[in-house]
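Peer 1: My structure is below; once you've seen it, I'll send some questions.
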Amino acid sequence: MTDVNIQAMKRKPSTTKPEERNRCPECRSVSISPLTRKNQGQQASGKHNWRCNNCQNKFNDPITLVTER
Ligand SMILES: [Zn+2]
88 MTDVNIQAMK RKPSTTKPEE RNRCPECRSV SISPLTRKNQ GQQASGKHNW RCNNCQNKFN
148 DPITLVTER
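The working numbering numbers the first residue of the sequence shown as 88 and each following residue consecutively.
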């Protein structure tokens, strides 16, 4: 028995990697939704591709924070 598995089970089951999660650069909330449209296949500069569900902020690149227990 190792403690590694126990620490892993503390986290909520998620499809995303527990180590890295995209967050809102303003409030650092993980409740962000990608603004994907059919007409916007490319990520052009100046486009707001993400929206925060917490503070309604729109941003291009979500920040990625390493989540450590
Ligand atoms: Zn936010």
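Glycine included, C-beta positions come from ideal geometry on N, C-alpha and C.
1. State buried or exposed for C139, treating a residue as buried only when at least 16 other CB atoms are found within 10 Å of its CB.
2. Which residues in the same chain have their Cβ closer than 7 Å to the Cβ of P121, if we skip the five residues on either side of it in sequence?
3. Taking the beta strand (DSSP E) that S120 belongs to, which residues open and close that run?
4. Looking only at its chain, what residues have a beta carbon closer than 6 Å to the beta carbon of S118, apart from the 5 residues adjacent to it on each side?
5. Please classify C111 as buried or exposed, where buried requires at least 16 neighbouring CB atoms within 10 angstroms.
Peer 2: The structure says:
1. buried
2. N136 and W137
3. Counted as a single uninterrupted DSSP element, the beta strand (DSSP E) harbouring S120 occupies residues I119 to P121.
4. N140 and N141
5. buried
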